[in-house]
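**Q** In the working numbering, the protein residues as written are 64 to 177.
Glycine included, every Cβ here is placed at the ideal spot set by N, Cα and C.
1. What separation, rounded to the nearest whole angstrom, lies between the Cα atoms of residue 164 and residue 173?
2. Given this structure, state the Cα-to-Cα distance separating residue 131 from residue 137, to the nearest angstrom.
3. Going by DSSP in three states, residue 161 sits in which element: helix, strand or coil?
4. Go ahead and pull the three-state DSSP assignment for residue 104.
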């Protein structure tokens, strides 16, 4: 059997239950009341609501996710470094091939016939 009563202003809502051993009252969690200050509305909210608001904006990250983000950044930096190194090696290889071709052509160079 339940008995819910209407709360007065500033009072918390309680739910009275009757069981075999006697009456039991359970509290129902609710948001704290709001305070009006100046033109803005300031909410006195619990920590869970503030955390949820931050989570919605992407500010709250679990430690495992932070490690993954850091590892991702390290791996991306390593990939950029390896790509630069690969580009330098390709440039050196192309220069060596061009030098080799020019030296081979220089030994047997003949004027082009027009």
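**A** Based on what the coordinates show:
1. For the purposes of this step, residue 164 is identified with residue 101 of the chain shown, where counting begins at 1. For the purposes of this step, residue 173 is identified with residue 110 of the chain shown, where counting begins at 1. The alpha-carbon atoms of residue 164 and residue 173 are separated by roughly 15 angstroms.
2. Here the question's residue 131 lines up with position 68 in the chain shown. Here the question's residue 137 lines up with position 74 in the chain shown. Approximately 10 angstroms, taken between the alpha carbons.
3. On the chain shown, residue 161 is found 98 positions in, with the first residue counted as 1. Residue 161: helix per DSSP, three-state reduction.
4. On the chain shown, position 41 is the one that residue 104 refers to. Reliability of the predicted coordinates at residue 104 is poor, the pLDDT of 45 falling under 50, and the value obtained from them is presented with this limitation in mind. In the structure shown, residue 104 sits in a strand (DSSP, three-state: E or B).
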